[in-house]
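J.: Sequence order for the protein chains is A, B and C.
Counting in this note's numbering, the first sequence runs from 240 upward without gaps.
Counting in this note's numbering, the second sequence runs from 2 upward without gaps.
Counting in this note's numbering, the third sequence runs from 78 upward without gaps.
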Amino acid sequence: MRSRIYGKLGDRAFTALLVVLGLAVMLVAVLLAWELASGGAEAFRTFGFWGFASGSAWNAVAEQFGAWPFLLGTLITSAVALALAFLPALAAAIAIAEYAPRWLAEVVAYLIDLLAALPSVVYGLWGIFVLVPLVRDRIEQPLFLWSAEHAPALMGVLGPPTGIGMLSAVLVLALMIVPYASSLARDAIHMVPRDQREAMYALGATRWEVVRRVVLPYARGGIFAGVVLALARAIGETMAVTMLIGNSGQLPYSVFGPAATMASLIANEFAEAEGGLQLSSLLAVGFLLLLLSLAVNLIADFILRRMSVGEGRK
Amino acid sequence: MEPLRMETENLTVHYGKSVGVRNVSLPVYDRKITALIGPSGCGKTTFLRALNRMHDLNPIVRIEGRVRLDGEDLYAPGVDPVAIRRRVGMVFQRPTPFPTMSIFENVVAGLRLVGVRDRERLMGVAERSLKAAALWDEVKDRLHEPAVGLSGGQQQRISIARALAVEPEVLLMDEPTSALDPISTQAIEDLLAGLKEQVTIVIVTHNMQQAARVSDYTAFFLNGDMIEFGPTERLFTNPSDPRTEAYITGRFG
Amino acid sequence: MNLRRRYLRDRVMVALVYLGTALVLLPLGFILLHVFTQGIGALNWAFFTQPPAPPGEGGGGMLPAIVGTFVIDLMALAMGGVLGLGGGVLMAEYPDHPLNRPLRLVANVLGGVPAILMGLFAFVLVVEPMGGFSAFSGAVALAILMIPIIMRATEEVLRILPWELREAGLALGLPRWRVTLSLILPAARGGIVTGLLLALARAAGEAAPLLFTAFGNPFLSFDPLGPMDSLPLKIYVYAISPYEDWIRQAWGAALLLALMLMVTNYLARRALRRS
Numbered sequence: 240m241r242s243r244i245y246g247k248l249g250d251r252a253f254t255a256l257l258v259v260l261g262l263a264v265m266l267v268a269v270l271l272a273w274e275l276a277s278g279g280a281e282a283f284r285t286f287g288f289w290g291f292a293s294g295s296a297w298n299a300v301a302e303q304f305g306a307w308p309f310l311l312g313t314l315i316t317s318a319v320a321l322a323l324a325f326l327p328a329l330a331a332a333i334a335i336a337e338y339a340p341r342w343l344a345e346v347v348a349y350l351i352d353l354l355a356a357l358p359s360v361v362y363g364l365w366g367i368f369v370l371v372p373l374v375r376d377r378i379e380q381p382l383f384l385w386s387a388e389h390a391p392a393l394m395g396v397l398g399p400p401t402g403i404g405m406l407s408a409v410l411v412l413a414l415m416i417v418p419y420a421s422s423l424a425r426d427a428i429h430m431v432p433r434d435q436r437e438a439m440y441a442l443g444a445t446r447w448e449v450v451r452r453v454v455l456p457y458a459r460g461g462i463f464a465g466v467v468l469a470l471a472r473a474i475g476e477t478m479a480v481t482m483l484i485g486n487s488g489q490l491p492y493s494v495f496g497p498a499a500t501m502a503s504l505i506a507n508e509f510a511e512a513e514g515g516l517q518l519s520s521l522l523a524v525g526f527l528l529l530l531l532s533l534a535v536n537l538i539a540d541f542i543l544r545r546m547s548v549g550e551g552r553k
Numbered sequence: 002m003e004p005l006r007m008e009t010e011n012l013t014v015h016y017g018k019s020v021g022v023r024n025v026s027l028p029v030y031d032r033k034i035t036a037l038i039g040p041s042g043c044g045k046t047t048f049l050r051a052l053n054r055m056h057d058l059n060p061i062v063r064i065e066g067r068v069r070l071d072g073e074d075l076y077a078p079g080v081d082p083v084a085i086r087r088r089v090g091m092v093f094q095r096p097t098p099f100p101t102m103s104i105f106e107n108v109v110a111g112l113r114l115v116g117v118r119d120r121e122r123l124m125g126v127a128e129r130s131l132k133a134a135a136l137w138d139e140v141k142d143r144l145h146e147p148a149v150g151l152s153g154g155q156q157q158r159i160s161i162a163r164a165l166a167v168e169p170e171v172l173l174m175d176e177p178t179s180a181l182d183p184i185s186t187q188a189i190e191d192l193l194a195g196l197k198e199q200v201t202i203v204i205v206t207h208n209m210q211q212a213a214r215v216s217d218y219t220a221f222f223l224n225g226d227m228i229e230f231g232p233t234e235r236l237f238t239n240p241s242d243p244r245t246e247a248y249i250t251g252r253f254g
Numbered sequence: 078m079n080l081r082r083r084y085l086r087d088r089v090m091v092a093l094v095y096l097g098t099a100l101v102l103l104p105l106g107f108i109l110l111h112v113f114t115q116g117i118g119a120l121n122w123a124f125f126t127q128p129p130a131p132p133g134e135g136g137g138g139m140l141p142a143i144v145g146t147f148v149i150d151l152m153a154l155a156m157g158g159v160l161g162l163g164g165g166v167l168m169a170e171y172p173d174h175p176l177n178r179p180l181r182l183v184a185n186v187l188g189g190v191p192a193i194l195m196g197l198f199a200f201v202l203v204v205e206p207m208g209g210f211s212a213f214s215g216a217v218a219l220a221i222l223m224i225p226i227i228m229r230a231t232e233e234v235l236r237i238l239p240w241e242l243r244e245a246g247l248a249l250g251l252p253r254w255r256v257t258l259s260l261i262l263p264a265a266r267g268g269i270v271t272g273l274l275l276a277l278a279r280a281a282g283e284a285a286p287l288l289f290t291a292f293g294n295p296f297l298s299f300d301p302l303g304p305m306d307s308l309p310l311k312i313y314v315y316a317i318s319p320y321e322d323w324i325r326q327a328w329g330a331a332l333l334l335a336l337m338l339m340v341t342n343y344l345a346r347r348a349l350r351r352s
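(1) List, in order along the chain, the chain B residues whose C-beta lies closer than 7 Å to that of N79 of chain C?
(2) Please go through the same chain and pick out, in chain order, the residues whose beta-carbon is closer than 7 Å to the beta-carbon of L260 of chain C, but skip the five residues on each side of it.
(3) Taking D322 of chain C as part of the alpha helix (DSSP H), name the residues at either end of that continuous run.
(4) Would you call I520 of chain A buried or exposed, if buried means 16 or more other Cβ atoms sit within 10 Å of its Cβ?
(5) State the CB to CB distance for the pair I228 of chain B and F237 of chain B, rounded to an integer number of angstroms; the pair is presumed to be in contact (CB under 8 Å).
(6) Looking at the C-beta of L442 of chain A, does it have a partner C-beta in chain B at a distance below 7 Å?
(7) Any idea what DSSP makes of G42 of chain B, helix, strand or coil?
(8) Under a three-way DSSP split, which group does S216 of chain B fall into?
(9) Can you pull out the residues from the segment 87–118 of chain B whose beta carbon lies closer than 7 Å to at least one beta carbon of chain A?
(10) Can you tell me which residues form a DSSP beta bridge with T13 of chain B?
(11) Taking 7 Å as the cut-off, decide whether the C-beta atoms of F309 of chain A and L504 of chain A are in contact.
(12) Could you tell me which whole beta strand (DSSP E) segments of length 3 or greater appear in the segment 116–198 of chain B?
(13) Answer with yes or no whether the minimum CB distance from N342 of chain C to chain A is below 7 Å.
(14) Please list, in chain order, the chain C residues whose beta carbon lies closer than 7 Å to that of Y338 of chain A.
(15) According to DSSP, is Y492 of chain A helix, strand or coil?
(16) Show which residues of chain C have a CB atom less than 8 Å away from the CB atom of D71 of chain B.
(17) Within a Cβ cutoff of 7 Å, which residues of the same chain sit near A255 of chain A, ignoring the five residues on either side of it in sequence?
(18) Assign T201 of chain B to one of three DSSP states: helix, strand, or coil.
(19) Against N185 of chain C, what residues of chain A qualify as contacts under a CB-to-CB distance less than 8 Å, listed in chain order?
(20) What would DSSP say about A534 of chain A, mapped onto helix, strand or coil?
(21) Excluding the five sequence neighbours on either side, which residues of its own chain have a C-beta within less than 6 Å of the C-beta of S216 of chain B, listed in chain order?
(22) Taking the Cβ atom as the reference point for each residue, do V91 of chain C and I333 of chain A lie within a distance shorter than 7 Å?
(23) Can you find at least 3 beta carbon pairs, one from the segment 410–421 of chain A and one from the segment 446–454 of chain A, that sit closer than 8 Å?
(24) Run down chain B in chain order and give the residues with a C-beta less than 7 Å from the C-beta of E281 of chain A.
(25) What residues of chain B sit near V453 of chain A, judged by a beta carbon separation below 7 Å?
(26) Look at R158 of chain B and L136 of chain B and say whether their C-beta atoms are less than 7 Å apart.
(27) What is the rounded straight-line gap between the Cα of R544 of chain A and the Cα of A473 of chain A?
(28) What does M55 of chain B reach in chain A if we use C-beta pairs closer than 8 Å?
(29) Within 7 Å of any Cβ in chain B, is that where the Cβ of E448 of chain A sits?
(30) Can you check whether the C-beta of P131 of chain C is within less than 7 Å of a C-beta belonging to chain A?
(31) Is DSSP giving Q127 of chain C helix, strand or coil here?
(32) Y96 of chain C to M156 of chain C, Cα distance in whole Å?
(33) Which of helix, strand or coil does DSSP assign to F299 of chain C?
(34) Please report whether the beta-carbon of A335 of chain C lies at a distance below 7 Å from any beta-carbon of chain B.
(35) Whole angstroms is fine: what's the gap from A148 of chain B's alpha carbon to E106 of chain B's?
(36) Counting only C-beta atoms, is V319 of chain A closer than 7 Å to chain B at any point?
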């Protein structure tokens, strides 16, 4: 009798505890979205949701706030960074999973994991003191001088060659997402069954043909989902971008010039916000950033489900 | 004496420090079916994979001895494994259709490798191969559907058709029916009798009855050694080694 | 036969694949090299034992930030660990529970939320009502970051355990909660510790969620309700400062942080292997 109560009661209490913890996790997520939305409500009310999202002025003195320059900055920097990072990341994944001898693959994989774990501020620090001078002296100034002489029309497109700005931010972003994208692609490639490879080899395929015709098609779902997840990470990346992009509220009109992303805007202005409409506008930008990341993550999920071939078998 | 297609001479396969197959010399006769039998772990699959250099993919494997195809040593320096695998095809234990390809693309995958683009020729090969694999009637109306939608037995026949499409001289089969149901197994066994008109077959099987039913010659492996080789009928009715007799009468295995 | 051309293509692709790998590793190798060579010089006794010197004066150290990192991260681990473990156990051990589907969705969603938004959230939820920046609010932000990582890791390791283990326990007449606590969790200990450590390593490098929660504090503080410093924050502040000595210390802090993360990741791997 005693043990039955002990068992039943204990089970109930234990399940209840787990349910409470689970509900707490869900509450956190819901609250997070709610607080950002309600905090940004004032801004959305003042400018309208679309008006806020598409407004291109950000002026604390005039109390004019629009998220468009930052939305655009986020989209451009992450898309370009991803475009730069994709092929090298895939190449590294293929090298590790298919080509390199075991010991080399392990060393490279370890290095890549290590770099994926390196904090954003460290990338930012390196960016300020190594990348920015390099970009300024080796890329931006020569290009700028060249265009001043031969194609003055280009100067406006290039922007001031100070090193701090879009180009440096994009480059460091690309470096940061490469390890992440690469390790996701590597995981996807590792999931390809060995007999798939052997079947292609047995038809008289070279190594590359096996990769091209069997491994990559089989792993495509995981690889593309990884690409989109890397994009999501670039969208939310804050510190390194904040340290390098120059944080200008103007539309990102030039290649070298300063700009800002949604995340860098928040990081840069939030602590000094005067409250009221500015604070609300920053929270509203946070809400937009949340929506964008969610959308991108959902796309990744969708791709993984639709393009995977793994569970189609058996 | 029958004409030889392949033979091994003192073939030894090392797996790192251990030995998978020891000193095996085996003739493979042209357009006959040679069955390799023995308890699991006896080295028959290891031996089979040495016949088209599949072991090249595994760096810890080392091979000694000779494997000759039409008198030419497969492991001689300068011999290209890719070219060898084209002449010696392979079908695996589990069906391995390529899941991103249609039935048609699966069958002609080997031809695509060498750059055949001519649609008519590809279609001709696909039809011939699928007919040879006794699958044509079942799939001819849905050649462009994914191959993974087929049943396990059909998938295995796709794998066979795919191997036949490149017109290999020898077809290696590694327990091709062990993952299949009895009806599919029956279909594949029926198929083998017809196939040997065009191609020499070496088949590994864990199933002695299967070996007795389909093969012309049988080799019995035990612990990495080939214990006995002979015409199937003779080996099953009158084995010369007591270990062979013990195995085929079911005393171990 | 165009075998030679096919081999040529094979070679070219091998070269391209390795070229791409080099393209990945070279700059990243430079980063590691720089962090090490620039940082090693800053790591002296004062770095570990002194509070920061006033700007431009030179000297001083990182003691408040080092202590703060540990205090904030451990608080975060305590909070995130309880919630993450609870959620993970619920998902793995009660697969039919109606809460599971929404919980899994939430875990996925939370995992994709940018870290800076955790900081905004903790600001609105904790800093504003409590009337000031605090280590506690920073820990809340980091805990939210940890939850999905811990949940997913816990669920995964529990899923690997054979279902027979649970049946064996139930067959002995043990109630389900005893089976979970005394059989399942101990059996999965290694994997769970790995999840906790990975979450810790991930959170410990974050500066963004702390910018307007823990905020930073040049003085040594153990007060969870007051502002507190942390290494990532300090790196950020020092890196954008004009003072040479601060910049030098930023490199030192970057090296220290990188080493700490390496050790944590190493321990995480080891815990996984031993389980």
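Positions of the beta carbon are idealized from the N, C-alpha and C atoms, including for glycine.
T.: In short:
(1) Neighbours of N79 of chain C across chain B, judged by C-beta separation under 7 Å: V115, G116.
(2) Only L242, G246 meet the Cβ criterion.
(3) In this chain, the alpha helix (DSSP H) harbouring D322 of chain C covers 321–351.
(4) Per the sequence presented here, residue 520 of chain A reads as Ser, with Ile not at that position. Classification for S520 of chain A: buried.
(5) Not quite, the Cβ-Cβ distance comes to about 14 Å (not below 8 Å), so this is no contact.
(6) Cβ-Cβ to chain B under 7 Å: yes for L442 of chain A.
(7) If DSSP states are grouped into helix, strand and coil, G42 of chain B belongs with coil.
(8) Reduced to three states, the DSSP call for S216 of chain B is coil.
(9) Among the residues of the segment 87–118 of chain B, those with a Cβ less than 7 Å away from any Cβ of chain A are R87, G90, M91, F93, R95, T97, F99, P100, T101, A110, G111, L114, in the order of the chain.
(10) The bridge partners DSSP lists for T13 of chain B are B:E65.
(11) Here F309 of chain A is near L504 of chain A, since their CB atoms are less than 7 Å apart.
(12) Within the segment 116–198 of chain B, complete beta strand (DSSP E) segments of at least 3 residues are found at 171–175, given in chain order.
(13) True, the Cβ-Cβ gap to chain A drops below 7 Å.
(14) Near Y338 of chain A (Cβ distances below 7 Å), the residues of chain C are V91, V94.
(15) It is coil, neither helix nor strand.
(16) Contact annotation for D71 of chain B against chain C: no contact, minimum CB-CB distance about 17 Å [criterion: below 8 Å].
(17) Scanning its chain for C-beta atoms nearer than 7 Å, with the 5 sequence neighbours on each side dropped, one finds no residue around A255 of chain A.
(18) The three-state secondary structure of T201 of chain B, taken from DSSP, is strand.
(19) Per Cβ cutoff of 8 Å: N536, D540.
(20) Residue state, collapsed to three classes: helix.
(21) Only I34, A36, T233 meet the Cβ criterion.
(22) No; because the gap between Cβ atoms is not below 7 Å, this pair is not in contact.
(23) Taking a cut-off of 8 Å for Cβ pairs, the segment 410–421 of chain A and the segment 446–454 of chain A do not touch, as fewer than three such pairs fall below it.
(24) Near E281 of chain A there are no residues of chain B at all, since even the closest Cβ is about 51 Å away, more than 7 Å.
(25) Contact note: V453 of chain A reaches chain B through F99, using a C-beta cutoff of 7 Å and chain order.
(26) For R158 of chain B and L136 of chain B, yes; Cβs fall inside 7 Å.
(27) A direct Cα-to-Cα measurement between R544 of chain A and A473 of chain A gives close to 22 Å.
(28) For M55 of chain B, the chain A residues whose Cβ falls inside 8 Å of its Cβ are E437, Y440, A441, in order along the chain.
(29) Yes, its Cβ sits closer than 7 Å to a Cβ of chain B.
(30) Chain A contact via Cβ: absent.
(31) The answer is coil: DSSP assigns Q127 of chain C none of H, G, I, E or B.
(32) Looking at the sequence provided, one finds Leu at residue 96 of chain C rather than Tyr. Approximately 45 Å, taken between the alpha carbons.
(33) Coil at F299 of chain C, not helix or strand.
(34) Contact with chain B is absent for A335 of chain C, since none of that chain's Cβ atoms lies less than 7 Å from the residue's Cβ.
(35) One C-alpha to the other measures close to 9 Å.
(36) Judged by the 7 Å Cβ criterion, V319 of chain A is not in contact with chain B.
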